[in-house]
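Everything below concerns the one structure shown next.
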Amino acid sequence: MNIEFHTRPSHARSVTGTREVVRARVPLRLGLAGGGTDLSPYCDDFGGAVLNTTIDRYAYAFIERSQDGCVHFVAPDVELDEAFAVYQINEDLPKQASLKLHAGVLVGISRRFNVPVEPWRITSFVDAPPGSGLGSSSALVVALVEAFVRLLHLPLGPYDVAHLAYEIERVDLGLQGGKQDQYAGTFGGTNFIEFLADDRVIVNPLRISDGIRNEVETSLVIAFTGVSRASADIIAEQRSGLIQVTEETMRNMHRLKQDAHDMKNALLQGNVVQMAEILNRSWEAKKSTARGISNPLIELLYTQAMKDGAIGGKVSGAGGGGFMMFIVPPDRRVQVIRSLNTSGAQASGVHLVAEGAETWLS
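Just so you know, we're using our numbering here: the sequence shown kicks off at 1417 and counts up by one.
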């Protein structure tokens, strides 16, 4: 499926001439299987496949007219608030701004759609810390893009939004990472996503019965390790292994892609035990693709969870910290959560959500 990307709509216009606020929220995601196969050059050469599902944690973005004639970037969750005169807004703004995602989206939208910058106040916050492994940075970029789409009435569909968010984050800003997070957040739900050459992406929503969804949700435990990791170095090493085509790295990448197919089948059949087996298998394969994916704390939490009844687990995202996810028999869920919290993590259950990016006016 080719992605059609629209440019320079003639009717782009702002709705913030009034006191209305444009709001957007985008769900974060859990990567169930296949993570890493959405990285180039692997997906370009072999095709990548990822299975992920969105959860009840969100990235939020708000846009309103500023009252002092300046452009404001505000992120109260990381205690940042900065202002720039409208005449200061240019291609170099992301290099000057502390909130580079805000600046990158503003500049990227303005340049691609020939939209003049106005004195806006752009505010965001996320229900997870940076480096969570839940795709929070990409979800935030999607939320910012969606807010501008609503603000300016840009004629972009979900594939357009996800691809634009990917271009701004990975190309414009040069931030390391794959492609799955932007599509997961934009579309929402549980999706089997294929990544092909020439930036072709196919999102396949999975139709899961209520009973299976409830059983899977009741069997999931997530745990924040307390360490926010910078994924760039890990991803850079994975890319290096793919470019150098080391035999071990390629074998493990093929394993991860097959795990996405196997996990999809197990999920559709409601075979939670098999899902746990695939999770463990994927975790072992993923640890072999780059140093730093695991560490003593992660191994400690994994061992403790398995000792107390979990049957599968891995780190969500690139690794090195952030959130871990476990599959647990429902009758052992409380014990595993209690044990992980005692071991220094912040563990809880999680709810799956079907809705993707949403916008509204306030």
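The beta-carbon is built from N, C-alpha and C at its ideal position, and this holds for glycine as well. From a predicted model like this one, the values you see are computed outputs, not experimental measurements.
Environment of residue i [buried if 16+ CB atoms lie within 10 Å]
i, result
"Y1503", "exposed"
"G1593", "buried"
"L1777", "exposed"
"D1484", "exposed"
"R1596", "At residue 1596 the sequence reads Gln, which differs from the Arg that was named. Buried, since its Cβ has 16 or more Cβ neighbours within 10 Å."
"Q1654", "The pLDDT assigned to Q1654 is 48, lower than 50, so where the model puts this residue is not dependable, and the model offers no usable value."
"D1614", "exposed"
"V1438", "buried"
"V1689", "exposed"
"Q1598", "buried"
"E1480", "buried"
"N1468", "buried"
"K1723", "exposed"
"Q1762", "exposed"
"A1578", "buried"
"K1702", "buried"
"P1510", "buried"
"E1495", "exposed"
"D1576", "buried"
Helix, strand or coil at residue i [DSSP, three-state]
i, result
"A1763", "strand"
"S1698", "helix"
"H1569", "coil"
"K1673", "helix"
"V1587", "helix"
"L1455", "coil"
"R1435", "coil"
"P1802", "Past the edges of the chain, shown from 1417 to 1778, lies residue 1802, and the structure says nothing about it."
"E1495", "coil"
"E1610", "strand"
"L1446", "strand"
"V1689", "helix"
"T1539", "strand"
"A1639", "strand"
"A1440", "strand"
"M1417", "Any reading at M1417 must be qualified, since the residue scores a pLDDT of 32, below 50, and its modelled position is unreliable; no value is offered."
"V1487", "strand"
"E1663", "helix"
"E1562", "helix"
"P1746", "helix"
"H1533", "A small correction: the amino acid at residue 1533 is Val; His does not occupy that position in the sequence shown. Residue state, collapsed to three classes: coil."
"A1555", "helix"
Residue interval of the beta strand (DSSP E) (run including residue i)
i, result
"I1505", "Looking at the DSSP string, I1505 is not in any beta strand (DSSP E), and its letter there is neither H nor E."
"S1732", "No beta strand (DSSP E) holds S1732; DSSP gives it neither H nor E."
"E1771", "Run containing E1771: none; DSSP gives neither H nor E here."
"L1517", "That residue, L1517, is in no beta strand (DSSP E); its alpha helix (DSSP H) goes 1516-1529."
"V1617", "1617-1621"
"D1472", "1464-1481"
"I1743", "1739-1743"
Distance between residue j and residue i (C-alpha atoms, nearest Å)
i, j, result
"G1627", "T1634", "11 Å"
"V1752", "P1574", "38 Å"
"Y1582", "G1772", "16 Å"
"K1673", "T1453", "6 Å"
"K1730", "S1552", "18 Å"
"T1775", "E1562", "7 Å"
"G1733", "L1517", "19 Å"
"V1619", "I1609", "5 Å"
"G1642", "G1737", "8 Å"
"A1513", "L1444", "24 Å"
"Q1720", "S1755", "7 Å"
"P1621", "A1676", "14 Å"
"A1499", "G1549", "29 Å"
"H1767", "V1637", "10 Å"
"G1547", "L1580", "22 Å"
"A1465", "N1681", "13 Å"
"A1770", "V1442", "11 Å"
"H1488", "L1683", "44 Å"
"S1554", "E1585", "7 Å"
"L1556", "A1477", "7 Å"
"G1520", "F1564", "12 Å"
"I1694", "G1728", "8 Å"
"W1699", "E1534", "47 Å"
"G1451", "F1541", "25 Å"
Extent of the continuous alpha helix (DSSP H) to which residue i belongs
i, result
"D1597", "1596-1603"
"I1753", "1749-1758"
"T1719", "1712-1723"
"I1628", "1626-1635"
"D1576", "1574-1582"
Test: residue i CB closer than 8 Å to a CB of chain B
i, result
"Y1718", "Absence of chain B from the displayed structure is noted, only one protein chain being present."
Using 8 Å as the threshold, is the region 1453-1467 in touch with the region 1527-1535, meaning 3 or more CB pairs across them?
These segments do not touch.
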